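What follows is a single structure, written as structure tokens, with notes after it.
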Amino acid sequence: MNETSAVVEDNRIRAVALPASGAIVLLLGGMLGNFVFGASTIALPEIATALHLDAGTAGLVVSLFALGFASSLVLGGRLGDRAGRRLLFRLGLVALAVTSLAAGAAPGGVVLLVARVLQGIAAGLMLPQVLSTIQHAATGAARARWLAGYAFAVAAGATAGLLVAGALASVSPEGWRALFVVVAAISVLVLACTRSVPDTRSVRSAGLDPVGSVLFAIGIAAILLPLSLGPQHGWPWWTIVLFTVAVIALVVFALWERRIDEGRALVPMAVLREPVLLAGLAMTATFFCGYGAFFYLFSLSAENGMGLSALGAAVALVPFAVGFLIAATLAPRLAAVWRPVTMMRFGAAAQVVMLVLIAIILMVQWPTPNEALLQPALFLFGAAQAIMFTPLISTVMSSVSHHVSGLASGLFTTAQQLATALSVALLGALYTALGSGGVAFAGCLLVDAALGAVFFALAGLTRPGTSSASTASMPSRP
Numbered sequence: 002m003n004e005t006s007a008v009v010e011d012n013r014i015r016a017v018a019l020p021a022s023g024a025i026v027l028l029l030g031g032m033l034g035n036f037v038f039g040a041s042t043i044a045l046p047e048i049a050t051a052l053h054l055d056a057g058t059a060g061l062v063v064s065l066f067a068l069g070f071a072s073s074l075v076l077g078g079r080l081g082d083r084a085g086r087r088l089l090f091r092l093g094l095v096a097l098a099v100t101s102l103a104a105g106a107a108p109g110g111v112v113l114l115v116a117r118v119l120q121g122i123a124a125g126l127m128l129p130q131v132l133s134t135i136q137h138a139a140t141g142a143a144r145a146r147w148l149a150g151y152a153f154a155v156a157a158g159a160t161a162g163l164l165v166a167g168a169l170a171s172v173s174p175e176g177w178r179a180l181f182v183v184v185a186a187i188s189v190l191v192l193a194c195t196r197s198v199p200d201t202r203s204v205r206s207a208g209l210d211p212v213g214s215v216l217f218a219i220g221i222a223a224i225l226l227p228l229s230l231g232p233q234h235g236w237p238w239w240t241i242v243l244f245t246v247a248v249i250a251l252v253v254f255a256l257w258e259r260r261i262d263e264g265r266a267l268v269p270m271a272v273l274r275e276p277v278l279l280a281g282l283a284m285t286a287t288f289f290c291g292y293g294a295f296f297y298l299f300s301l302s303a304e305n306g307m308g309l310s311a312l313g314a315a316v317a318l319v320p321f322a323v324g325f326l327i328a329a330t331l332a333p334r335l336a337a338v339w340r341p342v343t344m345m346r347f348g349a350a351a352q353v354v355m356l357v358l359i360a361i362i363l364m365v366q367w368p369t370p371n372e373a374l375l376q377p378a379l380f381l382f383g384a385a386q387a388i389m390f391t392p393l394i395s396t397v398m399s400s401v402s403h404h405v406s407g408l409a410s411g412l413f414t415t416a417q418q419l420a421t422a423l424s425v426a427l428l429g430a431l432y433t434a435l436g437s438g439g440v441a442f443a444g445c446l447l448v449d450a451a452l453g454a455v456f457f458a459l460a461g462l463t464r465p466g467t468s469s470a471s472t473a474s475m476p477s478r479p
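Just so you know, my numbering puts the end of the sequence shown at 479, numbered straight through with nothing missing.
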């Protein structure tokens, strides 16, 4: 297909608008992916007790989901670009329903662990289609509104997962089984509504890259597994071996991607030469290092230091979630007044201030912080995070041609998963080294504040809404 015919065909496909009903269905899928991750983390103690799992095996229940999820995101995005994003969205929902039922009915640890890997892969196939379809089928103010809606869905899904899992765990020791049934039921409900989702794909046929896909999956898995399990096992020798495997696999992957025709590559080098995309991915990693570690450490401190139950810890985070949701809803209006860089920098500065304030509250008032001080600070912290996150999404997605929007979405979410795992491992180790109390939590929050300052600096490297000729003119496969 030559450039002229590609543009004509592209305009024809982009004329298929994204209706509000279709966007809502996509966002429900986005909520579901985050719901699964947050809920299973909170339900982990009940799962371990019911199935008589030791600490190492219990950790795999969360780790293997993250492994399957992160290693399939880029492939899921590319398959959506090639075969159709609605098709991959539907296939992911079907697979998520089936694997969730298998996890809920698991008679023992082995079946549960296999189901969790497959559940992660299902989510990895489904989730990239959300952002890529919005990027492809929506324009102007509508695109800004639905990208802000995605930020809303991330927070709402994670919060709902925490609350639902905590509530079910408090009702019955077997409540975790009902949790997976809930995931399956929501998957089927969203699937039934997907007729309103437009069928989009790249007009430039992308070939399959099985070698690159396997190398990338090995590299990601060999990073996530030791990051997830290393801290609780004291970083044994096999974690070093896996990190070495990761480096080798990713180096070979990069060499392979440089050698293969870009029309067939899993991650075309032309895409990675886009400076705004690279800056956006670095900012994504920085943002989720702070976001993921905060959720993990707050839940850990609330249950172990403040004496709260799993449900109580989830409820304590509600002010943060409410602030995030309100600010994400207002973000399109702010975007009409402020440039994305200004929004991100304002949010980052506000985050730094709120984290320092929360750290002071915890150091002075541990283990019973004054709720009249802590809750407003959590609310404003959540709002600051949304003001950072919403324009960050548009920065990443707008930096590449929509022909590879599925790839960009996969890279964005992969950076999110890797950063979350890295921050939980490193800041979790710092938390333990500092004594696992209020001072320890406060010290980790100050590290998060430093990450906010890094995000502020990186924002200056972005020019939202632009894309280089390299991605726009990426060759198609003949």
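Even for Gly, the Cβ is constructed at its ideal location relative to N, Cα and C. Since this is a predicted model, take the numbers as computed values, not measurements.
Cβ-heavy atom distance between Arg202 and the ligand ATP below 6 Å?
-> Absent from the structure shown: the ligand ATP. Ligands present: none.
Would you call the CB atoms of Thr160 and Leu27 closer than 7 Å?
-> no
On a CA-only basis, which of Gln386, Phe299 and Phe325 is nearest Ala317? Give me that one, please.
-> Phe299
Given a threshold of 16 other Cβ atoms within 10 Å of its Cβ, counted over all protein chains shown, does Ser64 qualify as buried or as exposed?
-> buried
Quick one: residues in its chain with C-beta nearer than 6 Å to the C-beta of Gly130, no 5 flanking neighbours on either side, listed in chain order?
-> For the record, residue 130 in the displayed sequence is Gln; it is not Gly. Result list for Gln130: Gly81, Arg86, Leu89 and Phe90, in chain order.
Counting pairs of Cβ atoms below 8 Å between the stretch 393-402 and the stretch 114-129, do you hit three or more?
-> no
Taking Cys290 as part of the alpha helix (DSSP H), name the residues at either end of that continuous run.
-> Pro276 to Asn305
Identify, in the order they occur along the chain, each residue of the same chain with its Cβ nearer than 6 Å to the Cβ of Phe171, setting aside the five sequence neighbours on each side.
-> The sequence shown places Ser at residue 171, not Phe. Same-chain partners within the cutoff: Leu312.
Use the C-beta contact count for Gly57: other C-beta atoms within 10 angstroms, 16 or more gives buried, fewer gives exposed.
-> exposed
Would you kindly check if the distance between the Cβ of Ala255 and the Cβ of Gly220 is under 7 Å?
-> no
8 Å Cβ shell around Gly77 - same chain, five flanking residues per side excluded | Leu89, Gly93, Gly125, Leu126, Met127, Leu128, Pro129, Gln130, Gly407 and Gly411
Consult DSSP for Pro20 and reduce its assignment to one of helix, strand or coil.
-> coil
Could you give the C-beta distance for Tyr297 and Gln386, rounded to a whole number, given that I count them as a contact under 8 Å?
-> Contact doesn't hold; Cβ gap of about 15 Å is too wide.
Who are the near neighbours of Pro392 in its chain, counting only those whose CB is closer than 6 Å to its CB and skipping five residues on each side?
-> Pro341, Met344 and Met345
Complete alpha helix (DSSP H) runs within the stretch 380-454 (minimum length 4 residues, chain order) = 406-434
Taking the alpha-carbon positions, what's the Arg478 to Ala271 distance?
-> Confidence at Arg478 is low in this model, with a pLDDT of 42, below 50, so its placement is unreliable and no value can be given for it.
Can you tell which of Phe181, Phe390 and Val75 has its C-alpha closest to the C-alpha of Cys290?
-> Phe390
Which two residues bound the contiguous alpha helix (DSSP H) that contains Asp55?
-> Here Asp55 belongs to no alpha helix (DSSP H), and DSSP marks it neither H nor E.
What span of residues does the alpha helix (DSSP H) with Arg334 cover, start to end?
-> Val319 to Ala336
If we count Cβ pairs, one from each stretch, closer than 8 Å, do we get three or more for the stretch 139-149 versus the stretch 212-232?
-> no
Helix, strand or coil: which one does DSSP assign to Arg265?
-> coil
To which residues of the same chain is Trp239 closer than 8 Å at the C-beta, ignoring the five residues directly before and after it?
-> Pro227
Locate the alpha helix (DSSP H) running through Ala271, then write down its first and last residues.
-> Met270 to Leu273
CB-CB under 6 Å to Phe348, same chain, minus the five flanking residues each way: which ones, in chain order?
-> It should be pointed out that residue 348 corresponds to Gly in this sequence rather than to Phe. Taken in chain order, the residues that qualify are Ala385, Ile388 and Met389.
Under a three-way DSSP split, which group does Leu1 fall into?
-> The structure shown does not extend to residue 1, since the chain is modelled only from 2 to 479, so the question has no answer here.
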